[in-house]
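The sequence shown runs 658 to 1200 under the numbering used here.
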Amino acid sequence: DTGIWQIALVLCGATFLMAIGTFGKQYLMSWAMNRATIDVQRDLANSLLRQSVTFFNVTRKGELLSRITHDLNGVRQTFHIIFNDLIQHPIAILSIIAVMVYKSPQLCLILLVFPVVLTPVTYFAGKIRRLSRRSIESHVELTNFFHQFFEGVRVVKAFGMEGQQRDELGRVSSTHFTRSIKVGKYMALSRAIVEFVLGLLVASLITLGAWTLSEGMLGEETSFATLMMFVGALILAYDPIRKLSDTLNKMSNSMASNERVFELMQREPEMKDAPDAPNAPRFSHEIVFNNVGFEYLPGRPVLQDISFRTSKGSMTALVGATGAGKSTLMDLIPRFYAPTKGAITVDGVDLANVRLASWLEQIAVVSQETFLFNTSIRENLLAANQNASESDLIEALKAANIYDEVAAMPQGIDTVLGDRGVNLSGGQRQRIAIARAFVKRAPILLLDEATSALDTETERKVQAALDRLIKGATVFAIAHRLSTITHAQQILVLDQGRIIESGTHDQLLARNGRYAMLYETQIRSFSGGAFNGETVSSAEGKA
C-alpha cells in the first residue's frame, strides 16, 4: 500500500511539474510573440506618422488598411511560427536522430538522403511567396472596395448602384479567390510530395537495412531488433518532419506580408527635418512667397510664379474658380507639400530649413470638410492644446457660438460625437472646429471655405464665430462668398495656378478685372434669389 501511494505521489508531482513547465512555455511564447508584434505595430504606426500628406494622397486607403490589418496578422503568424513550430519540430527531429545515431551509426548513413525530403519545400517556397504577394494585392482590392462602399453608401443608394456594386464585388472577390486557391494548391502539393518522399525513405530503410543485415554488412552488434527500433524511430520522426515542412510553407506564405510591412516601415518620408534643423522663428513680421511653384506630377505645374507677402495681423483672401490652385497654395503654408520651385519664408527664414513641428505649432486650420474624432467634444478640443483648462474649453465653445447647444446635450462637453462627428449637424461640426482653433490660440489661421454649404442662420452663427476668431490673427482665407472677404487687406485672384490680380476689395473693383466680374456676377445671383456657387467656386479640389 505504501508503495502504491508513493508511486501515486510521484506521478502527481511529475504531472504538476509538467503542468508548470507547459504553462511557463506557453506563457513565455505568448509574451514574446505579442511583444514582438506590438513592437512592429508601433514602428509601423511611427512610420505612417512620419509620412507627408502627399503619401496619403497617392496611396489608396485600402492599401494602407490591408497593410495594418491583413499584413500585420501575417507578421504575427510569422512570430508564432518562430517561437513555437520552428523551435519545437527541429528539436524533436534532432532528438530522434541522436538516438538513431547512438543505436546504429552505420544505419544512420541512410539519413544522408534526408535533405531530399525538404527539397520540395525549398523548390515551392519562391513560388508560394510570389503567389502570396499577388493574393495580398487582390485582398487590397477587396479592402479598397469595401472602404469606398462605406464612404459612398449614400451615393450608391441615391443612384440605385447596388447592382453595379454587386458586380464589382463579384469580380474583385473572384480574383482574390483564384489567387488564394493557387497558394493553397502549391502548399498542398509541397506537403504531398514531402509525405511521398518520406514514405520512400522508410521503405528504402527497411529494404536496405534488411538486406545489409542479412549479408552481415552491419556487424554483429546490429540485430534485427535494432533495425526495427531504427525504423520505429524514423516513423516517429515522420510527424515532426511533416509539420516542419508545413511550417516552412507557412513561412513562405507569410513572408509576403512581412515584406509589405517592412517596406512601409523603412519608407523614407518625402519631407523630413534636417538633423540640426532649428525651430521656426516665432512669427512676428511677415510671410513671403518668393517665386513659388508646385507640381503634383513632374511637368504638370499646378502653381507658377507665386509671389506675395503677408504682414502680421493682416488677412489674405484667395479667390478663383475651381481648379485655380487656391487649396494647393493654402496647403503649402503648413508644408503639407513642399514647393518644387522658389521659397516660402517667415521673418526671412526659409520654412524648408526649420523643424516642421515647431512651425505647425503656430497654425490653426478651419476647413470646409470638418474632421472630428470619434471621441468626446472635450477630447476633440484638447487635440489642439493638451494644456487647455476647463475654463479655456468653455470660453472657446462660447466664442464659437456652440456652448448652449453643447450644454444641452446629455453628457455636455463629454458627449461622444460618433465617427467623423456624425451625431452633429454640419453647422455644429463647423463650430466645434472653430472652438478647437480658439483653444489652440495660434497666431496664424487658415480658413478653407469655412462658411460654405450652410443655411443662412447657421452661416450667420459660424461667421460671427469666425469674426471673433480672426481678431489679431494673421489669416489666409479661401473665399466662398466674396462678401465675407471685402475687409481683407489683400485679395489674390488665381487663375490656372497664377496670381492674375491682387489688391484690396476696392482696388480690384476699380480695376474692373476678373475679381470685379466675379463680384458683380455673385451680387446679381443673390439679387435674383439664387446663387450659382460654381461661378466663383472655391471647391477644394486640387488643380
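Ideal placement from N, C-alpha and C gives every residue a C-beta, glycine not left out.
To the nearest whole angstrom, what separates the beta carbons of residue i and residue j, a pair I think is in contact under 8 Å?
{"i": "T973", "j": "T967", "result": "5 Å"}
{"i": "E798", "j": "T776", "result": "Incorrect: roughly 35 Å between the Cβ atoms, too far for contact."}
{"i": "V859", "j": "V778", "result": "Actually they do not touch by this definition, with Cβ atoms about 18 Å apart."}
{"i": "S709", "j": "M928", "result": "5 Å"}
{"i": "I1148", "j": "Y1172", "result": "7 Å"}
{"i": "S984", "j": "D1105", "result": "7 Å"}
{"i": "D657", "j": "R1168", "result": "The structure shown has nothing for residue 657, since the chain only spans 658 to 1200."}
{"i": "I1089", "j": "N1044", "result": "Wrong, their Cβ atoms sit about 19 Å apart, outside the cutoff."}
{"i": "V840", "j": "F802", "result": "About 21 Å; that fails the 8 Å criterion."}
{"i": "I944", "j": "V1023", "result": "No, I944 and V1023 are not in contact; Cβ-Cβ is about 18 Å, not under 8 Å."}
{"i": "L722", "j": "T800", "result": "5 Å"}
{"i": "V918", "j": "R724", "result": "6 Å"}
{"i": "V976", "j": "A1099", "result": "Incorrect: roughly 24 Å between the Cβ atoms, too far for contact."}
{"i": "Q1179", "j": "T1161", "result": "Actually they do not touch by this definition, with Cβ atoms about 17 Å apart."}
{"i": "A693", "j": "F736", "result": "5 Å"}
{"i": "A1094", "j": "L1102", "result": "7 Å"}
{"i": "K1118", "j": "G1084", "result": "7 Å"}
{"i": "L666", "j": "Q698", "result": "Not really, about 47 Å apart at Cβ, beyond 8 Å."}
{"i": "P897", "j": "A1009", "result": "That pair is no contact at about 59 Å."}
{"i": "S792", "j": "S837", "result": "5 Å"}
Enumerate in chain order the residues of its own chain whose CB-to-CB distance from residue i is below 6 Å, with the five nearest sequence positions on each side excluded.
{"i": "G731", "result": "S911, S914"}
{"i": "T726", "result": "none"}
{"i": "K1097", "result": "A1021, A1041, N1042"}
{"i": "S1159", "result": "L1149"}
{"i": "G1190", "result": "Confidence is the limiting factor: at G1190 the pLDDT is only 37, short of 50, which leaves the residue's position unreliable, though a coordinate-based value still follows. Here the set comprises nothing."}
{"i": "R1035", "result": "I1070, D1071"}
{"i": "M922", "result": "D700, L701, S704"}
{"i": "S795", "result": "T832, H833, R836"}
So if DSSP puts residue i in a beta bridge, which residue, or which two residues, is it bridged to?
{"i": "E1047", "result": "Note: E1047 sits in no beta bridge, so no partner."}
{"i": "R957", "result": "L954"}
{"i": "Q1147", "result": "T973"}
{"i": "I963", "result": "V949"}
{"i": "T1002", "result": "V945, D1007"}
{"i": "I1156", "result": "L1151"}
{"i": "I1020", "result": "I1101"}
{"i": "T1131", "result": "I1101"}
{"i": "S1140", "result": "For S1140, which the question treats as bridged, DSSP gives no partner whatsoever."}
{"i": "S1033", "result": "V1073"}
{"i": "S968", "result": "E943"}
Might you give, ordered along the chain, the residues of its own chain that have their beta carbon closer than 7 Å to the beta carbon of residue i, omitting 5 neighbours on each side?
{"i": "N741", "result": "M686"}
{"i": "S1015", "result": "N936, A937"}
{"i": "Q663", "result": "none"}
{"i": "L604", "result": "Shown here, the chain extends from 658 to 1200; a query on residue 604 therefore has no answer."}
{"i": "Q822", "result": "F806, V813"}
{"i": "A1122", "result": "A1056, A1057, N1058, R1088, I1091"}
I'd like the list of long-range same chain contacts for residue i, defined as Cβ closer than 8 Å, with 5 residues on each side in sequence excluded.
{"i": "R1203", "result": "In the structure as shown, the chain begins at 658 and stops at 1200. Residue 1203 is therefore absent and cannot be evaluated."}
{"i": "V1201", "result": "In the structure displayed, the chain extends from 658 to 1200; residue 1201 sits before or after that span and is not available."}
Does the beta carbon of residue i fall short of 7 Å from some heavy atom of the ligand GDP?
{"i": "I850", "result": "This structure lacks the ligand GDP, and indeed carries no ligand of any kind."}
Item to check | Any beta strand (DSSP E) of 3 or more consecutive residues that is wholly inside the stretch 851-918 | outcome: The qualifying runs do not exist here; there are none.
Next on the checklist: Below 8 Å, how does it come out for the stretch 705-718 and the stretch 903-918: are there three or more Cβ pairs, yes or no?
Outcome noted: With fewer than three CB-CB distances shorter than 8 Å, the stretch 705-718 does not count as touching the stretch 903-918.
Checklist entry - Is the number of C-beta pairs between the stretch 855-866 and the stretch 890-897 that are closer than 8 Å three or more? => result Inter-segment contact for the stretch 855-866 and the stretch 890-897 is present: three or more beta-carbon pairs are separated by less than 8 Å.
Item to check | Every unbroken beta strand (DSSP E) inside the stretch 1050-1123 [3 residues or more] | outcome: Correct list: 1101-1105.
Checklist entry - Hey, is the stretch 955-971 in contact with the stretch 1126-1138, meaning 3+ C-beta pairs nearer than 8 Å? => result Between the stretch 955-971 and the stretch 1126-1138, the count of C-beta pairs closer than 8 Å reaches three or more; the two stretches touch.
Checklist entry - Does the pairing of the stretch 747-755 with the stretch 934-948 give three or more beta-carbon distances under 8 Å? => result No, they do not touch.
Checklist entry - With a cut-off of 8 Å, do at least 3 Cβ pairs link the stretch 1024-1031 to the stretch 1049-1066? => result The stretch 1024-1031, when compared against the stretch 1049-1066, does not touch it at the 8 Å Cβ threshold.
Next on the checklist: Report the start-end ranges of each alpha helix (DSSP H) in the stretch 763-847 that is 4 residues or longer and not cut off at the edges.
Outcome noted: Contiguous alpha helix (DSSP H) elements confined to the stretch 763-847 occur at 772-808, 810-815, taking only those with 4 or more residues.
Item to check | Validate contact between the stretch 942-958 and the stretch 998-1018 using beta carbons, cut 8 Å, 3 pairs | outcome: By the Cβ rule, the stretch 942-958 counts as touching the stretch 998-1018, because three or more pairs are nearer than 8 Å.
Next on the checklist: Give the list of continuous alpha helix (DSSP H) stretches no shorter than 4 residues that lie fully inside the stretch 691-738.
Outcome noted: DSSP runs (the alpha helix (DSSP H)) wholly in the stretch 691-738: 710-715, 718-723, 729-737.
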